[in-house]
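If you read the sequences in order, they're chains P and A.
Just so we're aligned: 254 in numbering that gives the first Met the number 0 is position 255 of the first sequence, and the numbers increase by one with no gaps anywhere.
Just so we're aligned: 47 in numbering that gives the first Met the number 0 is position 48 of the second sequence, and the numbers increase by one with no gaps anywhere.
Here the structure comes first, spelled out in structure tokens, and everything after it is commentary.
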Amino acid sequence: MLPVIWQGIVTGCLYSLGALGLVMIFKSSKMVNFAHGALAGYGAFSVHALTAGGAGWPWLAAVAAALLGAIAISVLVYGLIAELLQRAATTATIATLGIGLIAQGMILWQYGSNIFRLDLPLPHLSFSILGMALTAYDVAVLSATFLVVVALFLVIERTRLGVAFRAVSTDPFAARVCGLSISRVHLFSWVTSSMLGVIAALLIVPTTFLSSTTVTTFMLQAFAAAVIGGFDSLPGSAIGGILVGVSCNLFSFYVAPELLNTFLLTFMLASLSFFPGGILSQRLGSRV
Amino acid sequence: MFPLLPDYALSAASSAQYALDVLGKDKCALIWQNDELGRRAKFGLDLVLSSRKKTILTDVSFDVATTDLSAQIQRVSAAGAEVVLLFGSNAHLASALRSAARISWKGTWFAPFFTADPSTYELTGDLLDGVYFSSWLLPLDADRPAIEAYRAVVPKYYPNDKLGVFGLNGWTGASLFAVAFERLLSSGKEPTRENLIAVMNTIDGVSAGAADKITFTAGDHRGTRQEVMIRAEAGKFRLVRDFSPYPQVVFDAVSK
Chain P
0 MLPVIWQGIV TGCLYSLGAL GLVMIFKSSK MVNFAHGALA GYGAFSVHAL
50 TAGGAGWPWL AAVAAALLGA IAISVLVYGL IAELLQRAAT TATIATLGIG
100 LIAQGMILWQ YGSNIFRLDL PLPHLSFSIL GMALTAYDVA VLSATFLVVV
150 ALFLVIERTR LGVAFRAVST DPFAARVCGL SISRVHLFSW VTSSMLGVIA
200 ALLIVPTTFL SSTTVTTFML QAFAAAVIGG FDSLPGSAIG GILVGVSCNL
250 FSFYVAPELL NTFLLTFMLA SLSFFPGGIL SQRLGSRV
Chain A
0 MFPLLPDYAL SAASSAQYAL DVLGKDKCAL IWQNDELGRR AKFGLDLVLS
50 SRKKTILTDV SFDVATTDLS AQIQRVSAAG AEVVLLFGSN AHLASALRSA
100 ARISWKGTWF APFFTADPST YELTGDLLDG VYFSSWLLPL DADRPAIEAY
150 RAVVPKYYPN DKLGVFGLNG WTGASLFAVA FERLLSSGKE PTRENLIAVM
200 NTIDGVSAGA ADKITFTAGD HRGTRQEVMI RAEAGKFRLV RDFSPYPQVV
250 FDAVSK
């Protein structure tokens with residue numbers, strides 16, 4: 000059972016990274032970005048095009064360029080939906096479905112429907128601990144997730160922008176009254192989310208390979224992680240990702256992998272029934 | 000209709016027969032795509048193993064949209080499989096090989112003929128080395144004149160197209176048509192639909208394109224009756240066994 004749980008933790012870390020990107024935007028603006036997977040996939044395709052795809056850039060330079068590209072696209076997308084967001088978060092959420100389709104169309108237009116290989120520049124290392132096989136890829140996923148979570152925590156807890164983000168997340172009206180720029184905070188969350196998306200996509204594709212749909216499909220599980228962990232909680236979504244990864248792996252191994260989607264939906268429903276605000280939610284009183 | 004593409008039940012059965020008789024391995028597991036491709040493979044494997052008083056060690060399916068086969072690999076690894084037949088796309092094969100490498104599982108792999116393609120190597124790298132493919136087509140690298148012609152013609156007329164198994168599949172179908180049409184013309188009969196069908200029904204043991212011993216009779220249109228065994232080695236697809244008839248029990252069952 001230990002190897003199955005271990006693999007689940009590694010996959011769960013990937014879900015966590017995807018979920019963190021979704022939650023960043025939801026916390027600041029109460030909208031869900033359904034384009035997250037497609038935009039992240041576009042970033043991964045950019046890295047492929049700049050490296051193995053023919054341009055021959057060094058991997059780190061390609062990743063830096065993809066991150067800059069993702070930031071530029073996120074600014075553009077936010078610019079497009081900012082006005083919709085002022086009217087209603089639901090309208091902006093629906094708009095992201097369209098943006099996701101456009102991003103997917105752009106991928107198909109530029110790169111076609113082929114499947115590509117995009118590995119991390121890691122040595123072929125493999126060792127065994129307690130009967131579990133560990134690879135350089137596993138270590139890279141765990142390390143990257145840890146570093147991202149720590150960096151996110153430091154930015155949100157220790158910087159003025161992070162304080163503003165927390166203020167807007169808690170009470171946007173009070174934050175605006177205090178003179179905080181809501182748009183600036185929204186932009187911060189979109190930029191951070193886009194970077195998290197590209198990092199997650201680069202870690203995902205070595206196992207799933209890169210196609211116009213793989214990252215989007217993977218982000219559906221990240222969406223489940225965000226729901227289970229709580230769309231309003233960054234630590235919750237990180238834990239939710241690992242919970243989803245481990246439980247899905249256990250279910251696939253002991254029950255039936257072909258029923259995985261059914262299991263995931265049941266898990267989400269059960270989680271929402273018992274923890275409507277996510278597994279780390281606090282039961283708050285309400286004013287009457 | 001005069002089909003050449005054989006039922007996947009036959010390919011799965013041929014793979015199992017090779018694993019049992021040549022490699023001497025009988026703990027066979029199956030990872031199958033849960034559609035007609037995988038279902039037919041399961042049917043053929045079940046049938047050939049039961050004819051040898053054996054059973055599938057374990058089988059586990061996956062949906063065509065699945066991109067990560069880690070759970071399936073954990074299952075066949077835990078079951079103690081020596082041989083795994085994977086019936087899915089080349090992306091599924093690549094994902095399975097990657098997952099197996101992650102848990103250091105080492106076994107013998109068999110995959111369908113269409114995955115014996117350079118595009119699979121592009122996805123897997125050297126993880127593909129050692130994988131077997133039971134195929135009704137000779138490998139793309141084979142030195143048969145008809146295959147050399149395919150390799151020469153495609154870059155000349157379709158410079159943007161890659162050489163691959165699907166192209167060779169079409170080339171073989173067209174080659175068979177050319178054989179039949181030449182026979183019709185040399186017979187002196189009118190080139191009508193009925194006459195062409197009549198000629199096609201006399202095709203017996205013909206080599207066309209990358210296939211061999213193609214046979215059609217008026218009541219039996221199972222054109223392909225034999226398969227070769229190909230092994231991926233150092234970026235190439237090498238023929239390790241020449242054309243050999245399908246296991247009779249499955250060949251008979253497929254016609255019913």
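Even glycine gets a Cβ: it sits at the ideal position worked out from N, Cα and C.
Remember, it's a predicted structure, so these values are computed and weren't measured experimentally.
Quick one: what does DSSP say LYS235 (chain A) is sitting in, helix, strand or coil?
Position 236 of the second sequence, counted from the start, is the residue given in the question as residue 235 (chain A). LYS235 (chain A) falls in the strand class under three-state DSSP.
Let me know if LYS52 (chain A) comes out buried or exposed under the rule of 16 or more other beta-carbons within 10 Å of its beta-carbon.
Locating residue 52 (chain A) in the second sequence gives position 53, where the first residue counts as 1. Label assigned to LYS52 (chain A): exposed.
Would THR191 (chain A) count as contacting chain P if we go by Cβ distances under 8 Å?
For the purposes of this step, residue 191 (chain A) is identified with residue 192 of the second sequence, where counting begins at 1. So, not an interface residue.
Cα separation between ALA88 (chain P) and MET194 (chain P)?
Residue 88 (chain P) sits at position 89 when you count from the first residue of the first sequence. Residue 194 (chain P) sits at position 195 when you count from the first residue of the first sequence. Whole-angstrom Cα-Cα distance: 22 Å.
Is the CB of PHE44 (chain P) under 8 Å away from at least one CB in chain A?
Counted from its first residue, the first sequence places residue 44 (chain P) at position 45. No - not a single Cβ of chain A is within 8 Å of the one on PHE44 (chain P).
When burial is assigned at 16 or more other CB atoms within 10 Å of the CB, is LEU85 (chain A) buried or exposed?
Your numbering for residue 85 (chain A) matches position 86 in the second sequence. Its Cβ being crowded by 16 or more others within 10 Å, LEU85 (chain A) is buried.
Name the DSSP beta bridge partners of ALA210 (chain A), please?
Indexing the second sequence from 1 puts residue 210 (chain A) at position 211. ALA210 (chain A) is bridged to A:ALA207.
How many whole angstroms separate the CB atoms of PHE42 (chain A) and PHE113 (chain A), which I take to be in contact at a CB cut-off of 8 Å?
Mapped onto the second sequence, residue 42 (chain A) falls at position 43. Mapped onto the second sequence, residue 113 (chain A) falls at position 114. With 8 Å as the limit, PHE42 (chain A) and PHE113 (chain A) do not qualify as a contact, their Cβ atoms being about 19 Å apart.
Where does PHE215 (chain A) fall in DSSP's three states?
Numbered from its first residue, the second sequence carries residue 215 (chain A) at position 216. It is coil, neither helix nor strand.
Just to check my reading of the structure: PHE252 (chain P) and ARG74 (chain A) have Cβ atoms closer than 8 Å, yes? What is that Cβ distance to the nearest angstrom?
The residue you call residue 252 (chain P) lines up with position 253 of the first sequence. The residue you call residue 74 (chain A) lines up with position 75 of the second sequence. Sure, about 6 Å apart at Cβ, within 8 Å.
How about PRO256 (chain P): is its C-beta nearer than 8 Å to some C-beta of chain A?
As a first step, residue 256 (chain P) must be located in the first sequence, where it is residue number 257. Yes, its Cβ sits closer than 8 Å to a Cβ of chain A.
My understanding is that ALA12 (chain A) touches VAL47 (chain A), with C-beta atoms under 8 Å, so please give their C-beta distance in whole angstroms.
Indexing the second sequence from 1 puts residue 12 (chain A) at position 13. Indexing the second sequence from 1 puts residue 47 (chain A) at position 48. Confirmed, about 4 Å.
Can you check DSSP and say which residues form a bridge with GLU118 (chain A)?
For the purposes of this step, residue 118 (chain A) is taken as residue 119 along the second sequence, with counting starting at 1. Before going further, note that residue 118 (chain A) is Ser rather than Glu in the sequence given. Bridge partners of SER118 (chain A): none, in fact.
Alpha carbon to alpha carbon, how far is ARG192 (chain A) from THR215 (chain P)? Give it in angstroms, no decimals.
By 1-based counting over the first sequence, the position of residue 215 (chain P) is 216. By 1-based counting over the second sequence, the position of residue 192 (chain A) is 193. In a straight line, the C-alpha of THR215 (chain P) is about 49 Å away from that of ARG192 (chain A).
In chain A, which residues lie with their C-beta within 7 Å of the C-beta of SER125 (chain P)?
The count along the first sequence starts at 1 and reaches residue 125 (chain P) at position 126. Going along chain A in sequence order, the residues near SER125 (chain P) (Cβ under 7 Å) are SER103.
Could you name the residues of chain P that ASN33 (chain A) contacts, counting a contact when the two beta carbons are closer than 8 Å?
Here residue 33 (chain A) corresponds to residue number 34 of the second sequence, with the count starting at 1. Ordered by position in chain P, the residues that pass the 8 Å Cβ test against ASN33 (chain A) are GLU257.
Residues of chain A with a CB under 7 Å from the CB of ILE114 (chain P): which are they?
Your numbering for residue 114 (chain P) matches position 115 in the first sequence. Here the neighbours are ALA90, LEU122.
So what's THR50 (chain P) in DSSP terms, helix, strand or just coil?
Position 51 of the first sequence, counted from the first residue, corresponds to residue 50 (chain P). In the structure shown, THR50 (chain P) sits in coil (DSSP, three-state: anything other than H, G, I, E or B).
Under 8 Å between beta-carbons, which chain P residues line up against THR119 (chain A)? List them in chain order, please.
Reading the second sequence from its first residue, position 120 is the one you call residue 119 (chain A). Residues of chain P passing the Cβ test: none, with the nearest at roughly 10 Å.
According to DSSP, is SER285 (chain P) part of a helix, a strand, or is it coil?
Translated into the one-based positions of the first sequence, residue 285 (chain P) becomes position 286. Note that SER285 (chain P) has pLDDT 45, beneath the 50 cutoff, so the model's placement of it is unreliable and no number is given.
Taking a Cβ distance cut-off of 9 Å, strictly less, list which residues of the stretch 63-78 of chain A are near chain P, in chain order.
Correct list: ALA64, THR65, THR66, ASP67, LEU68, SER69, ALA70, GLN71, GLN73, ARG74, SER76, ALA77.
From GLY111 (chain P) to HIS185 (chain P), what does the alpha carbon distance come to, in whole angstroms?
Sequence index remark: in the first sequence, residue 111 (chain P) carries index 112 (1-based). Sequence index remark: in the first sequence, residue 185 (chain P) carries index 186 (1-based). Using only the alpha carbons, I get a separation of about 33 Å.
Is the separation between the beta-carbon of PRO117 (chain A) and that of LEU56 (chain A) shorter than 8 Å?
Start at 1 with the first residue of the second sequence, and residue 117 (chain A) comes out as number 118. Start at 1 with the first residue of the second sequence, and residue 56 (chain A) comes out as number 57. In this structure, LEU56 (chain A) does not lie closer than 8 Å to PRO117 (chain A) by Cβ.
In chain order, what residues of the same chain have a beta carbon less than 6 Å from the beta carbon of VAL190 (chain P), not counting five sequence neighbours either side?
In the first sequence, residue 190 (chain P) corresponds to position 191, counting from 1. For VAL190 (chain P), where only same-chain residues beyond five positions count, the Cβ hits under 6 Å are ILE70, SER73.
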